[in-house]
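Enquirer: One point on numbering: in my numbering, the residue at position 341 of the sequence shown is 326, and numbering is uninterrupted.
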Amino acid sequence: MNNTEIKKSLFQPKTNKPHFLARLKMDSNYNEFKKIIKGIKKHPFGRSALSSTPIPKTLSQLRKNNIIPHSGNLESEIAWLVDSILENSELIQNYIELKEEYENLFLLNQYDKSEEILNKIEKELCFSIWSAENRLLLTEEKLGTESNWLLLDEYLKNIKDPLSKFLIEQSSKKAENKFSYVRYKNNFESIIDGTNESLHEYLCFKIIYPGYTGFQNFSFLINIESVSSIIDRYNLLMDILIELVPLGKKELLHSIVQDLSKKISKDIRVTQLLNLLTQEYTQLSLNNEIISVIDCYSKGEYLKCIKNTTSLLKTNPSIVELYVIYVKSIIEENLEFEPLNISENTDEILLKLYNIYSVNNEFSSSIEDILKISLKYFSFNFGKQLFGVISKEANLNSINNIHQLHYVLNSKFSNPKILNYISKLDVNIINKIISDLSKIDSVSAKINIAISQGKYTEITKLNNISAVKKELYYVKSLLNSSDSHLALGYLEKMISSDKYSIITKKELIEMLFNIYILEKDTEKALILYVDSFFENRNLVNRLSNNNLLDALKEHNHQITTIDLPIFFFIATPDIYEQYVKYDEFLESNDAERPTQLFSSEIKVFKPLK
-14 MNNTEIKKSL FQPKTNKPHF LARLKMDSNY NEFKKIIKGI KKHPFGRSAL
36 SSTPIPKTLS QLRKNNIIPH SGNLESEIAW LVDSILENSE LIQNYIELKE
86 EYENLFLLNQ YDKSEEILNK IEKELCFSIW SAENRLLLTE EKLGTESNWL
136 LLDEYLKNIK DPLSKFLIEQ SSKKAENKFS YVRYKNNFES IIDGTNESLH
186 EYLCFKIIYP GYTGFQNFSF LINIESVSSI IDRYNLLMDI LIELVPLGKK
236 ELLHSIVQDL SKKISKDIRV TQLLNLLTQE YTQLSLNNEI ISVIDCYSKG
286 EYLKCIKNTT SLLKTNPSIV ELYVIYVKSI IEENLEFEPL NISENTDEIL
336 LKLYNIYSVN NEFSSSIEDI LKISLKYFSF NFGKQLFGVI SKEANLNSIN
386 NIHQLHYVLN SKFSNPKILN YISKLDVNII NKIISDLSKI DSVSAKINIA
436 ISQGKYTEIT KLNNISAVKK ELYYVKSLLN SSDSHLALGY LEKMISSDKY
486 SIITKKELIE MLFNIYILEK DTEKALILYV DSFFENRNLV NRLSNNNLLD
536 ALKEHNHQIT TIDLPIFFFI ATPDIYEQYV KYDEFLESND AERPTQLFSS
586 EIKVFKPLK
């Protein structure tokens, strides 16, 4: 249907205009529908439907218009949304600048100045669910929970749209400091239990993204957001574009990002995606400063890292990589944690990360605390990055490494660690990233390229890197090479040494465990798991219990070590299954009662450290 026919149909009084527009969206791809939009705009209803109050100036105007019915076509739904975003690109540009300023001030506990920024966004740009969520968070931190509740009451009195009310009510609960991550998640799940599948996915994506994985119905998410504030539309679009990166949507993403980049230059995520998907390459402004710190860490120059990150965090509190490098550096130097006194927020995050990376007694509670912090801050790019960091340490399921992709694509610089997370992407994208990183004068980039390509001989040529670091990089690159079978011997030798930090030790255990599982050396995987658990139970949190359980089911030989019942006691809550494995262990050692083991020649004791 050409634009003239579209115009005639829209001006026909008998045409059900919302359903007609929905039908138009059903069969077109992204670029085709952009042309159809020109015809839709020739009718007042079409123009109104495309915009749908994108710039609400009062709370009552949030999601005021009716949604054009869902077409089920991802490409045309995105084209519909992108059109309104490009129409309001100047507003989006201003929002991006103000949002970054707001995030930095918030992390520095400068709440009065943060509030001034929020006021400016609502007065000069528009109201949004984003601004309401952040005002509730700011109120909670500045004045406490009762003030948060009072503000929520005010919002609920003034907002007409039921969905907006629900989103804002949940934002208020998320902000409450008394709610732990698990408690909030359980409460949220009980509330949305029974909603239809598509709405359930939308609510999870918008409210508690860190709690779920495997989102699929992106066309519905975009459709339901099409009448939201332009700020909310843009935020959702950018999150979904990152979700689409590993799903083989290169041509679609390429077209969208090219369109966005022409009018939205201030969002680093657009530049990150442009670098990923096109032949262009833009070196981000913060590269030199941050890359030099990463290079110091890659070389093992930890004292220098501590000094430089301490300085940089004062002016760049929203760069997650600086937190990670600082904390890991003090652990590598065997230093005790001391607050940097930059702000209460930054000190809290640094302390929790220190507890996690040092796998100390506060490990589990700190995982929980960081999950709550990242959930509260998930409207920040910082929050998305922080969750990407912690998701691996918390051993949360991630399809296609999507959590880690959020970590690197929400970053303010081109992080060479992206090569760790893109093994399942189109080979052309991988080669493009390698080509781009090769243009950066960076030791870290060279190391990550060599590791990703399995070029272990390139690691040996690198200078000015500590021997311990070089050994780690060498074995990592060996694992990705055609000679990966040689890695086993290196890892077994390395794991028996005491010269490695707890951070490196945990990496070595994980790599060796995965090789044992891959090579079906189940008994060695079992012993490694149990020995590591007794050394420090948090050393095994990233090891897959399920992989080892599956391997044990397929294991053809009898295992006579006490590691078998110990592992089942650790890994499964099923008391009967624990009993069966313990009984099997006794039987394999010709014992009817546990006391007979003391006279046995079988080694039944495990050392506790």
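Beta carbons are placed, not taken as given, at the ideal position from N, Cα and C, and that holds for glycine. Here the structure is a predicted model, which is why all the values come from computation and not from measurement.
Taking its Cβ as the centre, do 16 or more other Cβ atoms sit within 10 Å of Arg218, making it buried, or is it exposed?
Expert: Under this definition Arg218 is a buried residue.
Enquirer: Check whether the Cβ atoms of Leu493 and Tyr485 lie closer than 8 angstroms to each other.
Expert: Yes.
Enquirer: Could you tell me whether the region 539 to 559 touches the region 510 to 526, using the rule of 3 or more Cβ pairs below 8 angstroms?
Expert: The region 539 to 559 vs the region 510 to 526: in contact.
Enquirer: Under the rule that 16 or more other beta-carbon atoms within 10 Å means buried, what is Lys594, buried or exposed?
Expert: Note that Lys594 scores 47 on pLDDT, short of 50, meaning its location in the model is unreliable and no value can be drawn from it.
Enquirer: Which residue from Glu82, Leu259, Tyr96 and Tyr441 puts its Cα closest to that of Ser399?
Expert: The candidate whose alpha carbon is nearest that of Ser399 is Leu259.
Enquirer: Starting from the Cα of Asn(-13), find the closest Cα among Ile21, Phe(-4), Lys2 and Asn14 and give me that residue.
Expert: Checked all of Ile21, Phe(-4), Lys2 and Asn14; the closest Cα to Asn(-13) is Ile21.
Enquirer: Should Gly368 be labelled buried (16 or more other beta-carbon atoms within 10 Å of its own) or exposed?
Expert: Per the 10 Å Cβ criterion, buried.
Enquirer: Measure how close the beta-carbons of Thr263 and His239 come, nearest whole angstrom, since I'm counting them as under 8 angstroms.
Expert: Going by Cβ atoms, the distance from Thr263 to His239 rounds to 6 angstroms, so yes, they are a contact pair.
Enquirer: Beta carbon of Lys(-8), beta carbon of Gly24: below 8 angstroms?
Expert: Closer than 8 angstroms, so yes.
Enquirer: With a CB to CB cut of under 7 angstroms and the five nearest residues on each side skipped, what residues in its chain are close to Phe(-4)?
Expert: So the list reads His28, once near-sequence residues are dropped.
Enquirer: So, helix, strand or coil for Tyr339, using DSSP?
Expert: Helix, per DSSP.
Enquirer: Would you report the Cα separation of Val344 and Asn380, rounded to the nearest angstrom?
Expert: Cα to Cα, the separation comes out at about 14 angstroms.
Enquirer: Taking the alpha helix (DSSP H) that Gly129 belongs to, which residues open and close that run?
Expert: Premise fails: Gly129 is in no alpha helix (DSSP H) and is neither H nor E.
Enquirer: Measuring alpha carbon to alpha carbon, tell me which residue in Tyr187, Leu141, Tyr287 and Tyr266 is nearest Ser45.
Expert: Here the closest residue by C-alpha is Leu141.
Enquirer: Three-state secondary structure (DSSP) at Leu593?
Expert: Summary for Leu593: the model assigns pLDDT 48, below 50, so the residue's position carries little reliability, and this model does not support an answer.
Enquirer: So, for Ile419: in the same chain, excluding its five sequence neighbours on each side, which residues have a beta-carbon less than 8 angstroms away from its beta-carbon?
Expert: Taken in chain order, the residues that qualify are Leu404, Ile434, Ser437 and Gln438.
Enquirer: The alpha helix (DSSP H) that contains Ala379, what's its start and end?
Expert: Neither: Ala379 is in no alpha helix (DSSP H) and is coded neither H nor E.
Enquirer: Measure the C-alpha to C-alpha separation of Phe5 and Ser(-6) and round it to an integer number of angstroms.
Expert: Distance between the alpha carbons of Phe5 and Ser(-6): 8 angstroms.
Enquirer: If we ignore side chains and look at the alpha-carbon of each, how far apart do Ser467 and Val312 end up?
Expert: C-alpha separation (whole angstroms): 35 angstroms.
Enquirer: Which of the three DSSP states, helix, strand or coil, is assigned to Asn208?
Expert: Correct three-state label for Asn208: helix.
Enquirer: Measure from the C-beta of Leu226 to each C-beta in chain D and report whether the shortest distance is under 8 angstroms.
Expert: No chain D appears in the structure shown, which is made up of a single protein chain.
Enquirer: If I'm right that Ile279 touches Ser429 with Cβ under 8 angstroms, what's the distance once you round it to whole angstroms?
Expert: Indeed they touch by this definition, with Cβ atoms about 5 angstroms apart.
Enquirer: Mind checking whether Phe164 and His55 have CB atoms under 8 angstroms apart?
Expert: In this structure, His55 does not lie closer than 8 angstroms to Phe164 by Cβ.
Enquirer: Quick one: measure Cβ to Cβ for Ile102 and Glu86, integer angstroms, because I've assumed they're closer than 8 angstroms.
Expert: Correct: roughly 6 angstroms between the Cβ atoms.
Enquirer: My output table needs one value for Arg8: the three-state DSSP class, helix, strand or coil.
Expert: Three-state DSSP puts Arg8 in a helix.
Enquirer: Give me the Cα-Cα distance between Phe348 and Asn319, rounded to the nearest whole angstrom.
Expert: Each residue's alpha carbon lies about 17 angstroms from the other.
Enquirer: Quick check: the Cα distance between Glu125 and Ala160, rounded to an integer number of angstroms?
Expert: If you take the alpha carbons of Glu125 and Ala160, they lie about 6 angstroms apart.
Enquirer: Consult DSSP for Ser250 and reduce its assignment to one of helix, strand or coil.
Expert: In the structure shown, Ser250 sits in coil (DSSP, three-state: anything other than H, G, I, E or B).
Enquirer: Would you mind sorting Ser351 into buried or exposed? The rule is 16 or more other CB atoms within 10 Å of its CB.
Expert: The residue in question, Ser351, is buried, as its Cβ has 16 or more Cβ neighbours within 10 Å.
Enquirer: Which one of Leu269, Lys158, Ile407 and Val67 has the shortest CA to CA distance from Val242?
Expert: Of Leu269, Lys158, Ile407 and Val67, the residue nearest in Cα terms is Val67.
Enquirer: Could you give the distance in angstroms between the alpha-carbon of Asn385 and the alpha-carbon of Asn143?
Expert: Spanning the two alpha carbons is a distance of roughly 41 angstroms.
Enquirer: Determine the contact status of Glu508 and Ile555, defining contact as a CB-CB distance below 8 angstroms.
Expert: Against a cut-off of 8 angstroms, the Cβ pair of Ile555 and Glu508 comes out as no contact.
Enquirer: Let me know the secondary structure DSSP gives Arg527 once reduced to three states.
Expert: Arg527 falls in the coil class under three-state DSSP.
Enquirer: Assuming Tyr15 and Glu60 are in contact, meaning their beta carbons sit under 8 angstroms apart, how far apart are those beta carbons, in whole angstroms?
Expert: Indeed, because the Cβ distance is near 4 angstroms, the residues count as touching under 8 angstroms.
Enquirer: Just the C-alpha distance for Leu325 and Asn340, rounded to the nearest angstrom, thanks.
Expert: For Leu325 and Asn340, the distance between alpha carbons rounds to 16 angstroms.
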